[in-house]
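A short write-up of the structure that comes next.
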Amino acid sequence: MTVSSETTMETDQPASDDTLLRLEDLKVHFPIKRGIVLDRTVGYVYAVDGVDLRIARGETYGLVGESGCGKTTLGRGLLRLVEPTGGRAVFDGTDLSTLHGEQLRRIRRRMQMIFQDPLSSLDPRQSVESILVEGMRAHGLDNDRTATSARLRELLSAVGLPVTALRKYPHEFSGGQRQRIGIARSLAVEPDLIVADEPVSALDVSVQAQVINLLEELQTEFGLTYLVIAHDLAVVRHISDRIGVMYLGSIVEETDADTLYQEPLHPYTKALLSAIPVPDPVVEDQREQILLAGDLPSPSAPPSGCRFHTRCPWRQETRCDSERPELREIAPGHRVACHWAEDIAAGKIERHAVDVELVKETEAGPGAGLGGAASVTEMLST
Amino acid sequence: MALLEVRDLSVVFGRKRQKPFTAVDGVSFSVAAGQTVGLVGESGCGKSVTSLAIMGLLPKRGVRVSGSVTFDGTELLTLSDKQLRDRRGRDLGMVFQDPLTSLNPVIPIGLQVTEVLRRHRGLDHKKAQAEATELLNKVGIPDPNRRLSEYPHQLSGGMRQRALIAIALACQPRLLIADEPTTALDVTIQAQILNLLKELVAGTDTALIMITHDLGVVAGLCDEVNVLYAGRVVERAARHELFADPRHPYTHGLLGSIPRLDSARSAKLAPITGSVADNIPWADGCAFAPRCPNALQGCVEQPPELETQDTRLLRCYNPVLPATTAAKEG
Chain H
1 MTVSSETTME
11 TDQPASDDTL
21 LRLEDLKVHF
31 PIKRGIVLDR
41 TVGYVYAVDG
51 VDLRIARGET
61 YGLVGESGCG
71 KTTLGRGLLR
81 LVEPTGGRAV
91 FDGTDLSTLH
101 GEQLRRIRRR
111 MQMIFQDPLS
121 SLDPRQSVES
131 ILVEGMRAHG
141 LDNDRTATSA
151 RLRELLSAVG
161 LPVTALRKYP
171 HEFSGGQRQR
181 IGIARSLAVE
191 PDLIVADEPV
201 SALDVSVQAQ
211 VINLLEELQT
221 EFGLTYLVIA
231 HDLAVVRHIS
241 DRIGVMYLGS
251 IVEETDADTL
261 YQEPLHPYTK
271 ALLSAIPVPD
281 PVVEDQREQI
291 LLAGDLPSPS
301 APPSGCRFHT
311 RCPWRQETRC
321 DSERPELREI
331 APGHRVACHW
341 AEDIAAGKIE
351 RHAVDVELVK
361 ETEAGPGAGL
371 GGAASVTEML
381 ST
Chain U
1 MALLEVRDLS
11 VVFGRKRQKP
21 FTAVDGVSFS
31 VAAGQTVGLV
41 GESGCGKSVT
51 SLAIMGLLPK
61 RGVRVSGSVT
71 FDGTELLTLS
81 DKQLRDRRGR
91 DLGMVFQDPL
101 TSLNPVIPIG
111 LQVTEVLRRH
121 RGLDHKKAQA
131 EATELLNKVG
141 IPDPNRRLSE
151 YPHQLSGGMR
161 QRALIAIALA
171 CQPRLLIADE
181 PTTALDVTIQ
191 AQILNLLKEL
201 VAGTDTALIM
211 ITHDLGVVAG
221 LCDEVNVLYA
231 GRVVERAARH
241 ELFADPRHPY
251 THGLLGSIPR
261 LDSARSAKLA
271 PITGSVADNI
281 PWADGCAFAP
291 RCPNALQGCV
301 EQPPELETQD
311 TRLLRCYNPV
321 LPATTAAKEG
């Protein structure tokens, strides 16, 4: 390690030793602007709206949710690739929100990102060698020519690419190989934390499994900590130790991967789990599906109270539409944001039908784009 | 007799300064009324081109389509454009993957639905309008009257896909082809759409061809499954049989590479090595041989034929033995 850990500045609140990353009430709101001269802010898209989470060293934390739930923005917000509106992210004892310029740049060496689309996240005019060396050079890890070339070989063999790949360009590789290059690039600077945003969703299933296995091997080999962001709960469950389920900007349930599948407590998690097709006709024919009515509400005008109450088949007359449930610990390590979680689990509350509420385009806020929720997130993610 | 009979269908694309590319290479299958048949495979296996060829939607120039596609006794490949237009939308319906690009962005939803009704069923404006309202209602679009006057961009992704299904079903087609109808959608919306398709097909005599890369979708929906690889069918079996006991190494590998919600987490995925780029042409042997764990010397000398083995069709010299099948574990 050439970069010292002098960047550690404020270590208020003694974090327990194994915590690598802690988010406290992190918020990312995007202003909706209107007008050419005046440029007034007429509203906000509440992409991430108060998220608390802890990621321990060496663990894999999975973040799942459907498009528009804010999972990608959360990943970017914690790395300060977008500026958070409120709250803070504490990385290894350092509050990232207080860092500026050089300090921030230095600490970013330890937090790398793997992107969804390997083709658009690699510069088509850079050879693989130059892609890999760029980050090392920026962080002063490229001092000695022979050491660098040894390091490059090491990286390529770690991600399963031949040494001849160095002289090639991204277009010469298949999708799976490109994703391997992206992974090698993030490993080049010896990071502690890797934020992987939909690392396999652009790949075919047979190749997907290769990359998932590779990520797992690398974690054991280099002692990495992962934050895996994905929409596919089956993939996330496979690689994660703990999982957080997001809905409209906040986490609704968080627990370890096995418990989440065996005893989901939040109604949204239950519905999400039941919606995922299982490649086994026997299971498919037997299991009960919880079909959610309607679409995701617009994140610029989130429903009052519990964000899920408009679609929730367990919704109650009181509290659900007026009081926003906090993420509270129900069992050790199992946090749920639902007022009625215990009653639902005990079977005291019955499921009922939900009328489809229209997501009106006016609700998307003036000027928030044309298509409602889906297009707002598309606008933000580009 | 089968409603749709595809025999030895091949589609060859001519390319500039390159050898022609065979996207579909002698595919045969049939669909009976009321049956749901799945075409499964990864990107580039020819599943979408097969559906476009059946519908006669491939461009005329630079594409050579051969073989035979008979629908209720009529050969579709030799029909004139006009005859084909009379059938498309009436007898043959199609739902595409991306509803935003397959709906016309500058025409209201209502007009796009009524267009089919007026063209094929000769309804007048008023009747067509009433029928369209009914259709949107049936596919679960709330407040259908208002939606009719709206444009595609004003609808969410799930609603657009519903509208597209409404258009495809407007004339109660006898065959519906759904090409990755849920790939662009979130899982909870996907569940809604699949449920809708199931309901619409059940109880009617509509035949459904489901084209998808997602084996999970197939598991819940199809009666019979065709697994495609590099333009050819490599395995065909009834749904329960295929998933319980995949025999072709490719099918076996596909099922092994999918992380399952209900499997033990510690189980490591068994991916298929390499990628489609490693394929060899079918003329030289089995296209899958370079990636195949079971490959024999003979696999790269003579291409295997699609042969009946027990109750299924299989294109392999050295299939996975039923005894070693591990798909049911967990």
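In order, the protein sequence lines correspond to chains H and U. Position one of the first sequence corresponds to residue 1 (the UniProt record's numbering), numbered consecutively onward. Position one of the second sequence corresponds to residue 1 (the UniProt record's numbering), numbered consecutively onward. C-beta: ideal position from N, C-alpha, C; glycine also.
At a cut-off of 7 Å between beta-carbon atoms, L136/U makes no contact with chain H. In chain order, G305, C306 place their CB closer than 7 Å to the CB of R324/H, counting only its own chain and leaving out the 5 sequence neighbours on each side.
For L77/U, same chain residues with a beta-carbon under 7 Å away, outside a window of 5 residues either side, are V65, S68, V69 in chain order. Note that the C-beta distance between A257/H and I243/H is below 7 Å. Ranking K19/U, A33/U, P281/U, N145/U by CA distance to the CA of Y229/U puts P281/U first. For I229/H, no Cβ of chain U is located within less than 7 Å of the residue's own Cβ.
Chain U places no beta carbon closer than 7 Å to that of D197/H, leaving this residue out of the contacts. The beta carbons of T225/H and V245/H sit no closer together than 7 Å.
Within the segment 61-72 of chain H, E66, S67 place their CB atoms closer than 7 Å to a CB of chain U, listed in sequence order. Interface annotation, Q316/H: not in contact with chain U, CB-CB separation never under 7 Å.
Listed along chain U, the residues sitting closer than 7 Å to E284/H by beta-carbon distance are A219, G220. Sequence-ordered contacts of the segment 190-217 of chain U with chain H read Q190, A191, Q192, L194, N195, H213, D214, L215, G216, V217 [C-beta pairs closer than 8 Å]. With fewer than 16 other Cβ atoms from the protein chains shown falling within 10 Å of its own Cβ, A150/H counts as exposed. In this structure, the CA atom of A270/U is about 22 Å from the CA atom of L156/H. Judged by their CB atoms, T212/U and L176/U are not nearer to each other than the 7 Å cut-off. Boundaries of the beta strand (DSSP E) harbouring V90/H: 86-91, taken from the DSSP string.
In this structure, V24/U is the residue among H240/U, H125/U, V24/U with its C-alpha nearest to the C-alpha of V49/U. Ranked by Cα distance from A353/H, the first of E342/H, A341/H, C312/H is C312/H. Less than 7 Å separates the beta-carbon of P118/H from that of R178/H. Relative to the Cα of R7/U, the nearest Cα in the group V113/U, G46/U, I54/U belongs to I54/U.
CA-to-CA, the gap between R145/H and G101/H works out to about 28 Å.
Among the residues of the segment 272-304 of chain U, those with a Cβ less than 7 Å away from any Cβ of chain H are I272, S275, A277, in the order of the chain. Beta-bridge partners of H334/H (DSSP): A331/H.
L327/H and T255/H have their C-alpha atoms some 11 Å from each other. Taken through DSSP and simplified to helix, strand or coil, D49/H comes out as strand. CA-CA distance, C45/U to P181/U, rounds to 17 Å.
The count of Cβ pairs closer than 8 Å, one atom from the segment 16-36 of chain H and one from the segment 201-209 of chain H, stays below three, leaving the stretches out of contact.
Going by DSSP, E134/U is part of the alpha helix (DSSP H) stretching over 125-138. Secondary structure note for T255/H: its beta strand (DSSP E) is the uninterrupted segment 250-256.
When Cβ-Cβ separations below 7 Å define contact, V187/U makes contact with chain H.
The beta carbons of A188/H and M136/H sit about 5 Å from each other, so the pair counts as a contact at 8 Å.
Pairing H125/U with R90/U gives a Cβ-Cβ distance that is not under 7 Å. A Cβ-Cβ contact shorter than 7 Å links K71/H with I229/H. Its Cα nearest to that of E59/H, the residue D18/H stands out among V336/H, D18/H, T164/H, Q126/H.
Contact annotation: the segment 315-322 of chain U touches the segment 287-297 of chain U, with at least three C-beta pairs closer than 8 Å. Between V90/H and R22/H the beta-carbon gap is near 4 Å, inside 8 Å, which marks them as a contact.
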